[in-house]
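Residue numbers (our numbering): 56 to 789.
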């Protein structure tokens with residue numbers, strides 16, 4: 056099985072008993088790992104339930120002969136795209152439901168989860184923010200702000216038992232089944248999740264099977280203990296009586312779910328026996344009806360208890376959905392079982408026992424209740440890479456502040472808390488400054504995790520290594536009136552945007568959008584028109600199709616100018632700067648593609664050392680040109696370049712096979728897309744020179760850090776054009 060760890064990462068992995076699940080970043084490795092573990096009969100890796108993700112399902116996920124993503128011109132592609140969005144509306148995206156980890160987050164609101172919007176009711180919460188590399192990351196947590204003094208928040212809680220009736224006659228009921236001598240409902244109520252535990256005395260507390268370091272944060276519930284330690288610089292000084300507690304739970308009526316043949320199975324553990332598993336979709340689908348039947352209120356935490364049943368790998372999730380009225384309802388779903396016996400060379404024992412899964416979800420619910428606390432991205436503890444490769448968290452948790460996901464691939468993350476009659480198990484968790492990458496942790500003893508699970512091996516936790524995550528933004532959707540599918544290709548510094556839309560016959564037409572009003576833009580007599588960029592002075596460049604070929608054009612205030620590289624078979628104008636320099640692409644009489652620049656009425660071909668062919672995409676006011684060089688348009692090799700009068704440099708998005716720089720602003724920040732090692736597309740930008748993935752197709756950017764392109768609208772169930780602003784710490788001075 057391939058392992059991608061730097062030298063330091065290999066050393067650290069050697070002294071920590073980690074499962075084989077910690078080894079990969081790429082989806083292909085995850086799939087290999089899943090196959091291996093399934094062969095071993097180990098239910099380990101599960102689905103990450105998210106409502107975003109890569110451009111793999113995008114309707115424009117194909118390269119033209121000129122190596123740029125063009126909107127599909129045929130209805131079949133659009134039908135496929137709309138079909139994909141239908142599944143997205145139900146909360147299941149075949150590309151984002153890839154096997155990745157045991158726990159997940161289920162966002163049934165598809166990201167429309169602003170608890171501070173006017174009229175919204177939700178769980179008691181507070182918000183703060185941190186900055187990293189010039190971007191602002193806001194986070195919202197349960198309770199009150201610990202910086203504002205001592206306060207105790209008690210969250211009413213209800214346990215919702217889920218009774219599974221399998222078609223083979225077996226019934227699994229968390230109110231009657233016994234797990235280690237008590238029912239799952241009883242076990243949860245009696246556990247440190249709801250009962251006080253003395254964290255001032257670590258006698259008997261183990262990191263897996265090694266004594267744990269002491270964390271003196273009080274005699275309290277585990278979730279509260281974690282949060283007190285998390286913000287210890289405030290708790291230990293101005294807020295000594297700060298608490299976030301779960302009220303002693305009510306138990307709702309049992310909800311019965313019938314599971315048909317083909318939707319369940321059993322895992323036969325060599326130590327703990329048979330464990331029932333169901334299709335993950337069964338667990339997702341029962342969530343909303345169970346919450347409704349239990350009459351859960353938005354200021355209450357409902358916990359669906361599946362008992363001994365888990366999904367095919369999915370052991371728990373937390374999430375949010377739109378409740379009755381204008382409310383957001385957070386929730387948790389969890390199994391409660393004896394655990395699974397892992398047996399690898401040098402590693403064996405039970406894991407995922409009793410409340411380990413629930414503790415994972417409770418910590419993550421407290422720290423990311425509305426599943427929208429985005430971070431710069433993170434890699435797991437004790438990992439190191441020689442370059443800032445794409446973050447593990449992008450695939451694992453969409454770069455969210457998920458404190459349990461950081462450690463879940465280590466068996467050492469299961470912590471034993473002994474009690475008089477039974478030893479319970481909880482998860483290790485990452486503190487806030489693991490995610491902020493602050494060199495000083497505000498948490499207990501300056502730690503970056505609660506139990507410092509590496510200390511028994513002589514390794515302290517540290518902030519996440521630097522890696523390349525994604526940047527989140529809020530899109531303003533753009534739809535040309537009556538258009539079938541809209542794409543925004545360029546935006547200038549005055550907020551004027553240009554793009555294309557499909558009509559009912561799947562023909563592309565151009566448009567201009569000033570933020571309020573749409574205007575059609577079609578070259579006279581053209582079959583299709585493709586505006587690409589607009590300068591600050593309002594000059595638009597693009598291309599248009601006739602029955603026989605393609606021509607470039609420029610346009611301003613009703614005046615059209617045709618652009619054709621001398622002697623070319625076809626020409627596209629792709630970029631323009633404020634002084635009127637235009638870059639683009641043309642084909643000669645032979646099918647060889649070249650980049651060009653048109654300056655002061657003079658055409659000049661652009662060649663690179665990266666292959667016999669090249670395409671030019673964008674130019675900024677300093678004359679910096681973006682493009683790509685290659686020889687074979689299908690096989691490459693490909694190299695994106697930045698060309699000025701005096702220098703030629705290259706660019707490759709981390710962990711990509713191909714990067715295309717479709718736009719550049721006057722601060723030299725880039726926008727475009729990349730292709731990952733599995734051939735999936737996603738958007739990318741740089742902010743202050745730092746690369747970020749974008750969960751959208753990005754075609755343009757400007758000096759105000761606005762980006763544009765097209766993105767999925769999960770509520771509408773389709774792809775739409777968008778304009779969005781990246782969360783800068785302060786306005787750009789470019």
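For every residue, glycine included, the Cβ atom is placed at its ideal position computed from N, Cα and C.
Please classify residue i as buried or exposed, where buried requires at least 16 other C-beta atoms within 10 Å of its C-beta.
i, result
"residue 494", "exposed"
"residue 226", "exposed"
"residue 583", "buried"
"residue 79", "Summary for residue 79: the model assigns pLDDT 28, below 50, so the residue's position carries little reliability; its value from the coordinates is reported in the next sentence. Label assigned to residue 79: buried."
"residue 730", "buried"
"residue 418", "buried"
"residue 668", "buried"
"residue 277", "buried"
"residue 733", "exposed"
"residue 524", "buried"
"residue 634", "exposed"
"residue 788", "Low confidence applies here, because residue 788 scores a pLDDT of 43, under 50, leaving its location unreliable; read the following figure in that light. Classification of residue 788: exposed, given that the 10 Å Cβ count is below 16."
"residue 261", "buried"
"residue 203", "exposed"
"residue 450", "buried"
"residue 335", "buried"
"residue 588", "buried"
"residue 350", "exposed"
"residue 612", "exposed"
"residue 700", "exposed"
"residue 199", "buried"
"residue 630", "buried"
"residue 148", "Note that residue 148 scores 27 on pLDDT, short of 50, meaning its location in the model is unreliable; the coordinates nonetheless yield the value given after this. Result: buried."
"residue 573", "buried"
Between residue i and residue j, is the Cβ-Cβ spacing less than 8 Å?
i, j, result
"residue 527", "residue 505", "no"
"residue 665", "residue 641", "no"
"residue 371", "residue 388", "yes"
"residue 718", "residue 545", "yes"
"residue 639", "residue 624", "no"
"residue 453", "residue 311", "no"
"residue 382", "residue 332", "no"
"residue 25", "residue 369", "Any property of residue 25 remains undetermined from this structure, which presents the chain solely from 56 to 789."
"residue 753", "residue 738", "yes"
"residue 576", "residue 566", "yes"
"residue 360", "residue 216", "yes"
"residue 696", "residue 702", "no"
"residue 396", "residue 435", "no"
"residue 726", "residue 682", "no"
"residue 497", "residue 287", "yes"
"residue 673", "residue 713", "no"
"residue 376", "residue 299", "no"
Can you give me the Cβ contacts of residue i inside the same chain, cut-off strictly under 7 Å, excluding the 5 residues immediately before and after it?
i, result
"residue 255", "271, 273 and 274"
"residue 468", "462, 482, 483 and 508"
"residue 443", "521, 522, 523 and 709"
"residue 659", "651 and 652"
"residue 128", "Residue confidence is low: residue 128 scores 23 on pLDDT, short of 50, so the model does not pin down where it sits. Its coordinate-derived value is still stated next. So the list reads 561 and 563, once near-sequence residues are dropped."
Going by DSSP, name the residue or residues bridged to residue i.
i, result
"residue 181", "196"
"residue 485", "504"
"residue 463", "Paired residues: none, contrary to the question."
"residue 627", "640"
"residue 315", "For residue 315, which the question treats as bridged, DSSP gives no partner whatsoever."
"residue 480", "471"
Please go through the same chain and pick out, in chain order, the residues whose beta-carbon is closer than 8 Å to the beta-carbon of residue i, but skip the five residues on each side of it.
i, result
"residue 742", "188, 189, 190, 526, 724, 760, 781 and 783"
"residue 249", "212, 243, 276, 301, 303 and 304"
"residue 615", "578, 579, 608 and 609"
"residue 175", "169, 381, 382 and 383"
"residue 602", "582"
"residue 341", "217, 310, 312 and 359"
"residue 539", "133, 556, 557, 558, 559 and 561"
Consider the C-beta atom of residue i and the heavy atoms of the ligand MG; say whether any pair is separated by less than 7 Å.
i, result
"residue 497", "As presented, the structure is devoid of all ligands, the ligand MG included, so that no description of it is given."
By Cβ distance, which residues of its chain are closer than 6 Å to residue i, with the 5 residues on each side in sequence left out?
i, result
"residue 431", "187 and 524"
"residue 268", "507 and 510"
"residue 97", "Bear in mind that a pLDDT of 26 at residue 97, under 50, signals an unreliable position, so the number given afterwards is only what the model happens to contain. Closer than 6 Å at Cβ, skipping near neighbours: no residue."
Which full runs of the alpha helix (DSSP H) of 4+ residues lie inside the segment 417-452, going along the chain? 447-452
Sequence ranges, alpha helix (DSSP H) only - wholly within the segment 201-251, length at least 4: 239-245
Runs of beta strand (DSSP E) wholly within the segment 643-727 (minimum 3 residues, chain order): 648-654, 657-661, 668-674, 680-687, 691-698, 703-706 and 713-719
Just list the beta strand (DSSP E) runs in the segment 352-381, keeping only unbroken ones of 3 residues or longer that don't cross its boundaries, in chain order. 356-362 and 371-377
Which ranges does the beta strand (DSSP E) cover as unbroken runs of at least 3 residues, wholly within the segment 549-604, from first to last along the chain? 552-557, 563-568, 573-576, 583-589 and 595-600
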